[in-house]
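Scroll down for the structure; my scribbles are underneath it.
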Amino acid sequence: MSQQQGGGGAFLGGLLLGGAIGTVVGLLIAPRSGKETRQLLRKSADALPELLEDITASFEQHRDRLSETTQERWQATLERLKEAIAVGIEVTQQQRQTLRREANGMALSDPDEEDAVNQ
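Going by UniProt numbering, 70 is the number at position 70 of the sequence shown; the sequence numbering is gapless.
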């Protein structure tokens, strides 16, 4: 599960880095004047904070959704565990009552055995 969480952050980081490198290389290779290239680089640099903000917001939404899903699964697991414990307690009590009845029945049904035990 931690690989899935780390993979999302690595993907977004790689996407951002790849986009920035691709933009710079594309602008430097393009047949434009130095002034045009500088203007394009400036525009790209100005757009970078907005891109980072979008990626951060997307990451936070993903994190929140994952957190909610994890919380829901945890609650469901706790409920199943509580139910299993309740069933286990009930079965144990029933078994205890059955054993007591059997023990009482054996003691009442064979008085000779009880006398032998008491001697």
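Positions of the beta carbon are idealized from the N, C-alpha and C atoms, including for glycine.
A45 carries a helical assignment under DSSP once its states are collapsed to helix, strand and coil.
A distance below 8 Å between beta-carbons, with the five flanking residues on each side excluded, links L52 to the following residues of its chain, in chain order: L16.
In terms of Cα proximity to A10, the closest of R73, T56, K43, G22 is T56.
Three or more Cβ pairs closer than 8 Å define a contact, and the stretch 35 to 55 meets that threshold against the stretch 18 to 25. Under the three-state reduction of DSSP output, S67 falls in the helix class. Within the same chain, Cβ atoms closer than 8 Å to the Cβ of V24 are found at L41, S44, the five residues on either side in sequence being excluded. Annotated three-state conformation of A30 is coil, per DSSP.
Here F59 really is in contact with L12; their C-beta atoms are around 6 Å apart, less than 8 Å. Taking the CA atoms as reference points, S67 sits about 37 Å from T92. Rounded to the nearest angstrom, the gap between the Cα atoms of E102 and I89 is 20 Å.
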